[in-house]
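Chains as they are written, first to last, in the working numbering: chain A, 989 to 1090; chain B, 22 to 180.
One structure below.
This is how it looks when you write it as structure tokens:
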């Protein structure tokens, strides 16, 4: 289980969530220095949860940059609430992270 | 013969479904992630029109300046192109999607929103060469889009 780095801050009544994942995001098209194709390995599904409730779900392909970043904005978030991000890649590997809103 | 086949298909489906539910019940996999259907055909589509049709069932985009797309006009590194899309000028936005027209497979990502999440997302994408980035906001059964050209000086696909 790979850790997702998360930040969640309330600003102007909204909660901005920033997530950073550690992942190679190999498209399956890149060749290594010996000319062999590097097998596809990328995050496919990402979920954003607020106090355990699904708020956003994303489908990704290999064209998201290596060590993916995304930000999203949530309404009705209070200090002390829990924000969580989970992902699953094309090999079934998983990552997750959670943070309490300050 | 036909009946047999149907019965087998039914049994197979039941068993497979049962296994997924059992695994989810045991906490081995989060239920939603296990059951989410990743749109494989859309990600393998090799043209923008084909990708749009595979994602939305239609390639009828309506250009709208209410789709706010931010992308650099020149990207020094095609492997990391920051993109921000805001669809807050629309009501009931279902999803925001990103396409890169010149990529070998143009469909990049789709963000699906539930109530409580504003249609405002940022991420970083790879672009193999200079070309248009297309943002699509899906709201009220329609597809609203904005596009902008990004000039890539170093390619994003191992180049």
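Glycine residues also receive a C-beta, built at the ideal position from the N, C-alpha and C atoms.
The model shown is predicted, which means the values in this text are computed figures rather than measured ones.
Between residue 1011 of chain A and residue 1061 of chain A, the C-beta gap is not smaller than 9 Å, which leaves the two residues out of contact.
Listed in chain order, the alpha helix (DSSP H) elements of length 4 or more contained wholly in the segment 56 to 114 of chain B are 61 to 65 and 69 to 77. Measuring C-alpha to C-alpha distances from residue 1078 of chain A to each of A/996, A/1049 and A/1088 identifies A/1049 as the nearest. Here residue 1036 of chain A really is in contact with residue 138 of chain B; their C-beta atoms are around 7 Å apart, less than 8 Å. Identification of chain B residues near residue 1049 of chain A by a Cβ-Cβ cut-off of 7 Å yields 64, 126, 128, 129 and 130, ordered along the chain.
Contact between the segment 110 to 129 of chain B and the segment 1023 to 1030 of chain A is not established, with fewer than three Cβ pairs separated by less than 8 Å.
At a Cβ-Cβ threshold of 9 Å, residue 1046 of chain A and residue 131 of chain B count as neighbours.
Here the segment 81 to 98 of chain B makes contact with the segment 144 to 158 of chain B; the two share three or more CB pairs at distances below 8 Å. The C-alpha of residue 143 of chain B lies about 14 Å from the C-alpha of residue 1009 of chain A. Chain-ordered, the chain A residues with CB closer than 9 Å to the CB of residue 146 of chain B read 1051, 1052 and 1053. Burial is judged here by how many other beta carbons sit within 10 angstroms of a residue's own beta carbon; residue 989 of chain A has fewer than 16 and is exposed.
Counted as a single uninterrupted DSSP element, the stretch harbouring residue 1055 of chain A is not any beta strand (DSSP E), since DSSP gives it neither H nor E. Residue 1073 of chain A and residue 1087 of chain A have their alpha carbons spaced roughly 9 Å apart. Rounded to the nearest whole angstrom, the C-alpha separation of residue 127 of chain B and residue 1084 of chain A is 28 Å. Excluding the 5 residues flanking it on each side, residue 141 of chain B has same chain C-beta neighbours closer than 7 Å at 107 and 109, in chain order. For residue 139 of chain B, the C-beta contacts it makes with chain A under 8 Å involve 1002, 1060, 1061, 1062 and 1063, in order along the chain. Neighbours of residue 93 of chain B across chain A, judged by C-beta separation under 8 Å, do not exist; the nearest C-beta is about 13 Å away. Using a Cβ distance threshold of 9 Å, residue 174 of chain B and residue 98 of chain B count as a contacting pair. Secondary structure note for residue 133 of chain B: its beta strand (DSSP E) is the uninterrupted segment 128 to 134.
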